[in-house]
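Engineer: Handing you a structure now.
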Amino acid sequence: SHRRAQAALDYLMPYTYEFFSADAVEDAIAAAGLGPRTSTLEAAWLDDVRATLDAATLTLPAALRHVSTGKHGEHSEHMGFVLAEMQSLARQHPGASW
Numbered sequence: 001s002h003r004r005a006q007a008a009l010d011y012l013m014p015y016t017y018e019f020f021s022a023d024a025v026e027d028a029i030a031a032a033g034l035g036p037r038t039s040t041l042e043a044a045w046l047d048d049v050r051a052t053l054d055a056a057t058l059t060l061p062a063a064l065r066h067v068s069t070g071k072h073g074e075h076s077e078h079m080g081f082v083l084a085e086m087q088s089l090a091r092q093h094p095g096a097s098w
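Note that UniProt numbering has the sequence shown beginning at 1, numbered continuously upward.
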């Protein structure tokens, strides 16, 4: 439903901004000319997101800058459960491709 889609967007959207936070690896890649800084992609990405949300009659939540440390390899206890689930699937079906 529309209400559930909006609730999910409100909850998850702050996490998307982590993609645009720089780290040492990204800085080195950009300095070597191998790729862009993700911060330079944010405006175009946000334009695309806004267009999609407008078409779906969803409202873009206020820009809460939730930046966790996942991009730096530091995760909450929840990551352990997700990782275990993903690893069990790969172990049950070695050599499978998705």
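All C-beta atoms, glycine included, are put in the ideal place defined by N, C-alpha and C.
(1) In the region 8 to 68, which residue ranges form an unbroken beta strand (DSSP E) of at least 3 residues, counting only runs that do not cross its ends?
(2) Measuring CB to CB, does Arg4 end up less than 8 Å from Ala22?
(3) Using CA atoms only, rank isn't needed, just tell me which of Glu85, Tyr17, Thr59 and Leu64 is closest to Gln6.
(4) Using only alpha-carbon positions, find the residue among His78, Lys71, Val82 and Ser88 that is nearest to Thr16.
(5) With Pro14 and Leu46 assumed to form a contact (beta carbons below 8 Å), what rounded beta-carbon distance in angstroms separates them?
Structural biologist: Inspection of the coordinates gives the following:
(1) none
(2) Numbered from 1 along the sequence shown, position 4 holds the residue referred to as residue 4. Numbered from 1 along the sequence shown, position 22 holds the residue referred to as residue 22. No; because the gap between Cβ atoms is not below 8 Å, this pair is not in contact.
(3) Counting from one through the sequence shown, the residue named residue 6 turns up at place 6. Closest option to Gln6, Cα to Cα, is Thr59.
(4) On the sequence shown, residue 16 is found 16 positions in, with the first residue counted as 1. Residue Lys71 is the option with its Cα nearest to Thr16.
(5) Residue mapping note: residue 14 aligns to position 14 of the sequence shown, counting from 1. Residue mapping note: residue 46 aligns to position 46 of the sequence shown, counting from 1. Between Leu46 and Pro14 the Cβ distance is about 14 Å, and since that is not below 8 Å, they are no contact.
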